[in-house]
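Since the structure comes first, as structure tokens, the remarks are kept for the end.
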Amino acid sequence: MGEIVYLINSTLDKVLPPVMAVLLAGFTISSLWRKQPTEGGLFEWIKFLTLLEALPLFLWVVIPVAIQAVVSSSPPSTMTTLIDWGGVFISTTLIIYWFSHEHSGYRGVITVLWIDTTLLAGWLIARWLGLLFISIPLLVWFYRLASHIALIVLPSSNPDDAREKRERVLAFLSYLFGVQRPFFVTIDGSLRGIEKRIPGDLVHRIHWVRGLIWTKSHQVVGITIGKQFQRVDGPGVIFLKQLERPLEVVDLRTQLRSSVIEAVTQDGIPIKAVVFASFAIDRRPWTRQQHEALTLLNPALKDARTPDVLGGRYPFSRARVRAALTRTSILADSRSEECETPPLLYWDDWVLKRVEEAARHVLAQRTLDELWRPKNDFEGANALNEIADAIRQRVETLLQEYGIQLFSARVARIMFWDEMKEEKQKKGEKLSPQEEEALSKEKADGEDIIRKQIAAWRSEWERRCKATLTQGKAEAERLKYDAQAYAYLALLTAIAESLREIDLQDPTIPHSTIAIRFAGALKNLLQQLSEETATGFPDQLGLFNHFTSEGTSHD
């Protein structure tokens, strides 16, 4: 049996070196020839492992063994073998340490040392036959064990998807060798927070290496390669390839935002208003007319007519999410040399900024009293509803150009200088020193201006009140004279009717006698009234007597 093993190993000493040389040359040439990065896969991992182990093995073991087989028929001594394998250990350890030490420490070195030890054990047991029938089966078992652990440990979006299984295995192997891309996890309770749980290298050209982003069911992620936007992926588990990194986490749920803004009314009164907005990435299918109109405004919506990801609770369109992410930018007031990492204006913050601008514009078109009094007054009318409709008209189309649906945008409350402080004091909350200083400065700077503006506003209302009172007095005088004229006319009409009836009954009775009887009856009636009620009537009665006396003389 020993002679057969020796014979096979002697034959392999002469056959395997040139075969390994050809394979190594082929792997090396194919890697150098391919200038564009590939997607990578299990074959790429096998090639990586082959180059990592076989190249040092070829240089330190195979070539010396081949030379020994040519020079001498006896196998090399154990000491020579250990020295040769020491070169393999040193070479592979240095290579993997150079690739992995920055982000994983010695984890990759430990994995490679285990593989080297497995190969050495097989070689010491039966040389080539030990490698073929002991070491390689153990490495296959190592891969199978790593695959099972990967499917248990790493999260999954679709456990039955073969492609996802392969990606999870590659991500775990990347971690074992210490050459992984970064692993990210979104933070619970945060809108867009993403935490790097495992650091990694984005740049190196080991194409099978994977990173990972784990998101919630309501989150998707915009992914970039350098400055170029790559894709929108998620929700669930997202695998990162070479140079890919997360740009921003997008929450697909309905977003609720509020802020306090400063505004000036049409009559110059400074106010503070609580602005509220409700919006989300648009999940509605658009009509052809809507899609064509929006595509003209924003060509990025070319493929955004309907949601293209329908699985899950929140269907969405990748093109609409990408359009919304184009609004992410650096805040203009943060571009300074002192600010190493300037804050970003995220897509949802941009929406709130547009609503705030629209609210300031709408409030500036209304006077102070029109903030509570609707311009179009009818039953059930509300000034805040009018303001909300005006804000919505100004921003709804603009937001839809970037794939965002606006549900509500309104001014929820209008406040003056000290109301915010008083409200917090009622709730038992304390203002921070910065808030106290800001409110004090605002109050000191604005008191004089506010006093003058309120005085102007008051004088305007006094002018309106005087005009209303003057108009009311004039109307009262007119109604008074109209009533007097009507009463005088009614009296004359009654007298004329009475005279006509008396003439019909007895034409011989003089009209003056009848008028004197009427005057006497009216005088007796007036005397029965209170002095206040009868004011002005004696003069009129005198005029009436004068009229009747003139009538008698004419007769």
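Sequential numbering of the sequence shown, starting at 0, is according to numbering that gives the first Met the number 0.
The beta-carbon is built from N, C-alpha and C at its ideal position, and this holds for glycine as well.
Computed from a predicted model, the values in this text were never measured in an experiment.
Comparing C-alpha positions only, which one of Ala318, Asp115 and His206 sits nearest to Asp83?
Asp115
Taking the alpha-carbon positions, what's the Asp250 to Trp122 distance?
56 Å
8 Å contact criterion, which Leu367 and Thr264 should meet: CB distance rounded
5 Å
Beta-carbon proximity list for Gln364, same chain, < 7 Å, skipping 5 on both sides
Gln265
Determine the burial state of Gly402: buried for a count of at least 16 other Cβ atoms within 10 Å of its Cβ, exposed for fewer.
buried
Pull up the CB-CB distance for Leu362 and Ala262, whole angstroms please, since I reckon it's below 8 Å.
4 Å
To which residues of the same chain is Val178 closer than 6 Å at the C-beta, ignoring the five residues directly before and after it?
Phe98, Ser99, Ile205 and Val208
Nearest to Thr92 by CA position, among Leu112, Glu101, His102 and Gly104, is which residue?
Leu112
Would you call the region 215 to 230 and the region 239 to 253 in contact, with 3 or more CB pairs under 8 Å?
yes
Quick check: Arg180 and Gln241, are their CB atoms within less than 9 Å of each other?
yes
Beta-carbon proximity of Ala389 to Ala357, cut-off 9 Å
yes
Between the region 131 to 139 and the region 154 to 164, are three or more C-beta pairs nearer than 8 Å?
no
Going by alpha carbons, who is nearest to Ala272 out of Gly192, Trp371 and Arg282?
Trp371
From this set, Leu144, Tyr142, Ser146 and Thr117, which residue's C-alpha is nearest Phe132's C-alpha?
Thr117
Going by Cα to Cα distance, which pick from Lys226, Val202 and Ala493 is closest to Ser328?
Lys226
Suppose the cutoff is 6 Å on Cβ atoms and the five residues either side in sequence are ignored; what does the same chain contact list for Ser316 look like?
Ala303, Pro306 and Asp307
So Lys195 packs on Phe183, CB below 8 Å; how close in whole Å?
6 Å
Taking 8 Å as the cut-off, does the CB of Asn384 come closer than this to any heavy atom belonging to the ligand FAD?
With respect to the ligand FAD, the structure offers nothing, as it holds no ligand at all.
Proximal residues to His290 (C-beta, below 6 Å), its chain only, five neighbours per side dropped:
Arg304
Does the Cβ-Cβ distance between Ile270 and Leu239 come in under 9 Å?
no
In or out: Thr467 buried (at least 16 other Cβ within 10 Å) or exposed?
exposed
Is Phe377 buried or exposed, if buried means 16 or more other CB atoms sit within 10 Å of its CB?
exposed
Consult DSSP for Arg457 and reduce its assignment to one of helix, strand or coil.
helix
Kindly indicate which three-state DSSP category Pro154 falls into: helix, strand or coil?
coil
For Ile3, is the classification buried or exposed, using 16 other Cβ atoms within 10 angstroms of its Cβ as the cut-off for buried?
exposed
Please check if any C-beta of chain B sits within less than 9 Å of the C-beta of Glu385.
Here there is only one protein chain, and chain B is not present.
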